[in-house]
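Data block below; observations after.
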Amino acid sequence: MNYPHLSKKAITLINESDEIRINSIRSPRWIGYESANQAIKKISELMEHPKIHRMPNLLIVSESNNGKTAILNRFKNLNLDDDPGISDFPKLSVFYMECPPLPDERRFLAEILSQLKIPMRKHERSDNMLRQVRHFFEGMETKILLFDEIQHIVAGPLQKQRVLLNTIKYLGNQLQIPIVVAGVREAFNAFNSDPQLSNRFPPYALPRWQMSKDYLRLLKSFESSFPLKKASNLHDQLIAGKILSLSEGLIGEISSLLVSAAVKAVETGDEMISVELIDKLNWVAPSQRRSHASAIM
Amino acid sequence: MIVCNRIEPLPFHPSPYKDELLSSFLVRLAHGHCLKLQSFCHLMWPGHQIWTRDIDVSATDEFIESIAFLTKNRFNEVSDLRLSSYAPILNGGKIVRGQNRWILPFSIYHRKRNRYGLSFCPQCLKEEPCFYRKTWRLAFSVGCIKHDTLLTDQCPRCRSSIMFYRQEMGDRNEAPNKKMHICSQCGWDLRETVTERFSRNRCSHLQIKFLKCLKDGTSYCNLSPISFFEISLMMLHILTSSSRLKIDFQRKLYQESGLDPIPYNNCERSRGGPSGFVDYSTLYRCRLLNIVDWLWEKWPSRFVSLLNASNSPNSSILGDIHYSLSEQSKKIVADLGIIKKS
Chain C
13 MNYPHLSKKA ITLINESDEI RINSIRSPRW IGYESANQAI KKISELMEHP
63 KIHRMPNLLI VSESNNGKTA ILNRFKNLNL DDDPGISDFP KLSVFYMECP
113 PLPDERRFLA EILSQLKIPM RKHERSDNML RQVRHFFEGM ETKILLFDEI
163 QHIVAGPLQK QRVLLNTIKY LGNQLQIPIV VAGVREAFNA FNSDPQLSNR
213 FPPYALPRWQ MSKDYLRLLK SFESSFPLKK ASNLHDQLIA GKILSLSEGL
263 IGEISSLLVS AAVKAVETGD EMISVELIDK LNWVAPSQRR SHASAIM
Chain D
155 MIVCNRIEPL PFHPSPYKDE LLSSFLVRLA HGHCLKLQSF CHLMWPGHQI
205 WTRDIDVSAT DEFIESIAFL TKNRFNEVSD LRLSSYAPIL NGGKIVRGQN
255 RWILPFSIYH RKRNRYGLSF CPQCLKEEPC FYRKTWRLAF SVGCIKHDTL
305 LTDQCPRCRS SIMFYRQEMG DRNEAPNKKM HICSQCGWDL RETVTERFSR
355 NRCSHLQIKF LKCLKDGTSY CNLSPISFFE ISLMMLHILT SSSRLKIDFQ
405 RKLYQESGLD PIPYNNCERS RGGPSGFVDY STLYRCRLLN IVDWLWEKWP
455 SRFVSLLNAS NSPNSSILGD IHYSLSEQSK KIVADLGIIK KS
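Heads up: the protein sequence lines correspond to chains C and D, in order.
Using this note's numbering, read the first sequence as starting at 13 and increasing by one per residue.
Using this note's numbering, read the second sequence as starting at 155 and increasing by one per residue.
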């Protein structure tokens, strides 16, 4: 039987059991789209930039759940180091880390050391930790640093924020490698308030989705990746509008909503995503969730 | 039993260099993680004494296994860094705590080393990478073949023994970035040490023979490696003895060979140790080995004729050494006709 609405990979799973298909639907996927591909291209250009005294950096900013982490992870996975090289250090071209919840220099450095599995003393001084971090990034020939959830820096006193941002700046200067930070609007405000930082970290915004050809193409891509036996025609205006409204244009929400719907479609035997099926999910839009939860309680 | 605190290999995992000393490898491993040596060892093996003993000699198999695991090297590769790899030939098959034949002693007191247990070649230390060789712990290793220089066993400025693992002492906040070629006591750059040429000494050939014998099991003068080393040690014992009975032998030897006599009652003895040959400075060991090489040049005739020519009976010259020889060496000596077979 033909499944013209499915990708080749989805077709291979179409006759598998429901559990396997549901597992596949729930597995992480990457659906490329214009602004994500642009962001990845920008980061790649930064990585290939020759070493200069003041390396260019980038601040990726968007609403929560709008794909920042997915973009950074995608970039990291595209640049995995297969060749271990001849050095005694493992090669690590791309270092990715989520910033710790508080803007503390020691904690930040400890998190880097912990991610790299570098042994460190319990009460080590921050200058020694910084030296270790620098030593390892140089040894591992790291070309770019990616720091996610950078808005965590605003969760503390101003002075600690300054110290942490100076540490990040120092690392970039000493290592002469670009740094990409990603965060929500608070991060943008924090960086913008310091002229030095706003110069060094130009922002790249990821907008919310709106009804457009790109959006419909995105929905088609999602549809083709779900091993459902019937075509859902997600690019139809009605269902596309419904999804957009419920997700409020956030790619993370779109993905979660579609995954839930596809799983439901398999479980119920509908084998397609429809407006009625989506209604059965009782999906609450992100902005409504707080009031919805209060109403229930 | 030494237990490692870490369940996964280290991010910095170097391979040992050829002929590297275990202690040198550990220092390199610690500095590769930008950690001071004591801190690193405490993190990896908490509560275990590592630097208060001669780790190059006494490292256990468990310790070697843990290093091999941490550095993703094979057990044999790391085990080769120990001096115990020489045990089958040098020490009758075993390495013991305390004095081992042919291995320069350290006389460890807490973490300090009171005797001159490690030599070095200044030119080798100038090369990259800079590390200490295993052969520099051997008493017969008195010169660097590659650079044609005599080895030195102490800092020429402060006369302390080489303790490259103690560079970080003194300033707890200083970065662990001191190079191993810096004297830990006075800060002198050991690479600036001036030494003599080695090839002028006939013992350079003997050293090559010793090393080949140790590494490949090559035999000389139809002797097995064990006997070659044991009989050489026997000769050295005679040459360094202050016994009246042996002095006569020594006198005849210097007359016959034309080599410079080595007075037995010199300041060398005050370097502190009753172990004889291994306690002498590199220069004196070199001179003693020159004599041994002369004896081996025409083995066994030179040795036998000197014994017969001396006024002391052979049993009094060889007696106290003879019983410490292995059975095969005893047989060789007995076959020379100078000692009665037991």
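The beta-carbon is built from N, C-alpha and C at its ideal position, and this holds for glycine as well.
Small disclaimer: the values here were computed from a predicted structure and weren't measured.
Exercise for the section: With a floor of 4 residues, list each alpha helix (DSSP H) that falls wholly inside the segment 271-300 of chain D, ordered by position along the chain. Expected result: Secondary structure in the segment 271-300 of chain D: the alpha helix (DSSP H) runs of 4 residues or longer, each lying completely within the stretch, are 276-280 in chain order.
Three-state class that DSSP yields for Gly-281/C in the structure shown:
coil
Alpha carbon to alpha carbon, how far is Arg-423/D from Gly-271/D?
Low per-residue confidence applies at Arg-423/D: pLDDT is 49, beneath 50, and the placement is therefore not dependable, though the value from the model is reported in the following sentence. Arg-423/D and Gly-271/D: Cα-Cα distance of roughly 15 angstroms.
- Query: With respect to the alpha helix (DSSP H) encompassing Gly-184/C, which residues constitute its N-terminal and C-terminal limits?
  - Reply: Looking at the DSSP string, the run of the alpha helix (DSSP H) that includes Gly-184/C is 170-187.
Checklist entry - Between the C-alpha atoms of Leu-114/C and Gly-168/C, what's the straight-line distance to the nearest angstrom? => result Spanning the two alpha carbons is a distance of roughly 6 angstroms.
Worksheet item: According to a CB-to-CB cut-off of less than 9 angstroms, which residues of the segment 149-167 of chain C neighbour chain D?
Response: Gly-151 and Met-152
Cβ atoms of Ile-285/C and Leu-262/C: under 8 angstroms apart, would you say? no
> Thr-306/D and Leu-365/D: beta carbons closer than 8 angstroms?
Replying inline: Not a contact, by the Cβ cut-off of 8 angstroms.
### Message
Helix, strand or coil, according to DSSP, for Val-348/D in the structure here?
### Response
coil
Count the CB pairs spanning the segment 101-112 of chain C and the segment 212-225 of chain C that are closer than 8 angstroms, and state whether there are at least three.
-> The segment 101-112 of chain C is not in contact with the segment 212-225 of chain C.
Would you check if the distance between the CB atom of Asn-159/D and the CB atom of Trp-199/D is smaller than 8 angstroms?
In contact: Asn-159/D and Trp-199/D (Cβ atoms closer than 8 angstroms).
(request) Return the Cβ separation of Leu-344/D and Leu-443/D in integer angstroms, given the expectation that the two are a contact with Cβ distance under 8 angstroms. (result) Their Cβ separation, rounded to whole angstroms, is 23 angstroms, which puts Leu-344/D and Leu-443/D out of contact at 8 angstroms.
Next on the checklist: My assumption, with CB atoms under 8 angstroms, is that Glu-279/C sits in contact with Lys-241/C. Please give the rounded CB distance.
Outcome noted: Going by Cβ atoms, the distance from Glu-279/C to Lys-241/C rounds to 13 angstroms, so no, they are not a contact pair.
Exercise. Note down, in chain order, each residue of its chain lying with its Cβ closer than 6 angstroms to the Cβ of Asn-91/C, except the 5 sequence neighbours on either side.
Key: Ser-105 and Val-106
*List, in order along the chain, the chain C residues whose C-beta lies closer than 8 angstroms to that of Arg-356/D?*
None at all; the shortest Cβ gap to chain C is about 41 angstroms.
For this session: Kindly list the residues whose CB is nearer than 7 angstroms to the CB of His-335/D, restricted to its own chain and excluding five residues on each side of it in sequence; keep chain order.
Result: Leu-279, Cys-284, Asp-343, Leu-344 and Arg-345
Worksheet entry | Beta carbon proximity, Ala-329/D to chain C, threshold 8 angstroms | yes
task = State buried or exposed for Tyr-182/C, treating a residue as buried only when at least 16 other CB atoms are found within 10 Å of its CB.
result = exposed
Once the 5 residues before and after Lys-88/C are set aside, which same chain residues still bring their CB inside 8 angstroms of it?
Val-106, Tyr-108 and Leu-158
Where Pro-200/D meets chain C, residues with beta-carbon distance less than 8 angstroms
Residues of chain C passing the Cβ test: none, with the nearest at roughly 11 angstroms.
Tell me which residues of the segment 165-192 of chain D have at least one Cβ-Cβ distance to chain C shorter than 8 angstroms, keeping chain order. Per Cβ criterion, the list reads Pro-165, Phe-166, His-167, Pro-168, Ser-169, Gly-186, His-187, Cys-188 and Leu-189.
_Backbone CA spacing between Ser-464/D and Leu-399/D [nearest angstrom]_ = 9 angstroms
| Do Ala-222/D and Leu-176/D have their C-beta atoms within less than 8 angstroms of each other? | no
Coarse secondary structure for Ile-32/C, derived from DSSP in three states: helix
Residues of the segment 217-232 of chain D with Cβ closer than 8 angstroms to any Cβ of chain C, in chain order:
none
Counting along the chain, where does the alpha helix (DSSP H) carrying Asp-160/C start and finish?
-> That residue, Asp-160/C, is in no alpha helix (DSSP H); its beta strand (DSSP E) goes 156-160.
Exercise. Output yes if chain C places a C-beta closer than 8 angstroms to the C-beta of Leu-197/D; else output no.
Key: Interface with chain C (8 angstroms Cβ-Cβ cutoff): Leu-197/D is included.
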